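Quick note on numbering: numbering that gives the first Met the number 0 labels position 33 of the sequence shown as 32, and the sequence is numbered without any gaps. Built from N, CA and C at the ideal position, the CB exists for glycine as well. A quick note: this is a predicted structure, and the numbers were derived from the prediction, not measured.
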Amino acid sequence: MVGYAVSECNKKAIEYVRLDTDFANPRLCALYEGMGFVNAGSKRMNGKHYALYELRVSSFRPSWPHMKVM
């Protein structure tokens, strides 16, 4: 899914992909960071604390064999 999002961003000259997740989910935060996403901040909304991750599209390198840029 991330590979597809990066591909679509490339086609549309969009520089960043952004993913947000609950800080209470450290495994998902670690997954995003392992894929090259950088923590770009945080926000509180509806009583939850969210981590904001972004990835510069030009720096995306699939880290797993099944991840491809379409």
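Check	Outcome
Determine the burial state of Y52: buried for a count of at least 16 other Cβ atoms within 10 Å of its Cβ, exposed for fewer.	buried
Quick check on V37: buried or exposed, where buried means 16 or more other Cβ atoms within 10 Å of its Cβ?	exposed
Tell me whether K10 sits in a helix, a strand or coil according to DSSP, three-state version.	helix
Bridge partners for A50 per DSSP, in chain order?	T20 and S41
Using the beta-carbon count (16 or more within 10 Å), is Y3 buried or exposed?	exposed
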